[in-house]
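Student: Heads up: the sequence shown is residues 1362 to 1541, going by the working numbering.
Glycine included, C-beta positions come from ideal geometry on N, C-alpha and C.
Values in this document were obtained by computation on a predicted structure and should not be read as measured data.
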Amino acid sequence: MVIPGRALYPPTTIPCTHTIPVAEIHFRSHHHYPLDLFAHFAGHAASALGIPATRPIPLPTQRSMWTVLRGPFIHKKSQENFERRVHKRVIKAWDADPVISGQMPGVGIRVTTWERAPLGIGKQIFEEAMEKIRPDPEEIKALADKIVEQELSAAGEGGQPPTEKPLSPKQSGNHSLEHS
């Protein structure tokens, strides 16, 4: 059902049920009329989609001024002042899927969204990291067999492995035999 002239009225506000923030939409423009028009449209779109959102909140206007000389040489007293204003509005949305927004000429939009991770995501990330770090037991066994095989082949090529000489009592560090 379409009601003619409904856009003249402020959008209906839908109450928040869980107060979980979903998005914060910032609008910026040099002219306040298209900014207010687009913020009004975004509020009606959120209302029609059933998304709890605030009304457009005006933020402080950013004002920049420049002074420029009119003449290039000696006309210091002849100057012009220029001013640029950036008007800003913000709308906050709650309890919905991430918001998809369009673009309107002359209005800059920045959308900040918050995404919630499911429960147990930390344990899942930890297990995935440990699988990358933890080597396969079969690979360890194959590597150990390869090392043993290399050691045995090196011992066979060089003759007999070096034999250990029995240590004298002074070298062994057994002090009880020295005094007897």
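Quick one, are the C-beta atoms of W1475 and P1413 less than 8 Å apart?
Tutor: Not closer than 8 Å, so no.
Student: From this set, I1452, C1377, R1471, G1517, which residue's C-alpha is nearest R1419's C-alpha?
Tutor: What sits at residue 1419 in the sequence shown is Pro, not Arg. Nearest option by C-alpha distance: I1452.
Student: Return yes when the Cβ of R1424 is within less than 8 Å of the Cβ of I1446, no when it is not.
Tutor: First, the amino acid is wrong: residue 1446 is Arg here, not Ile. Yes.
Student: Out of curiosity, what's the CA-to-CA distance linking P1376 and R1450?
Tutor: Roughly 21 Å between the two C-alpha positions.
Student: Exposed or buried, which one is G1432 when buried takes at least 16 other CB atoms within 10 Å?
Tutor: By the 10 Å Cβ count, G1432 comes out exposed.
Student: Please report how far the alpha carbon of H1405 lies from the alpha carbon of F1399, in whole angstroms.
Tutor: If you take the alpha carbons of H1405 and F1399, they lie about 10 Å apart.
Student: Measure the C-alpha to C-alpha separation of E1499 and K1493 and round it to an integer number of angstroms.
Tutor: E1499 and K1493: Cα-Cα distance of roughly 15 Å.
Student: Answer yes or no: do V1472 and P1395 have a C-beta to C-beta separation smaller than 8 Å?
Tutor: Result no, Cβ atoms of V1472 and P1395 do not sit closer than 8 Å.
Student: Give the C-beta separation of A1454 and A1384 to the nearest angstrom, bearing in mind that I take them to be a contact with Cβ-Cβ under 8 Å.
Tutor: Yes, they are in contact, since the Cβ atoms of A1454 and A1384 sit about 5 Å apart, within 8 Å.
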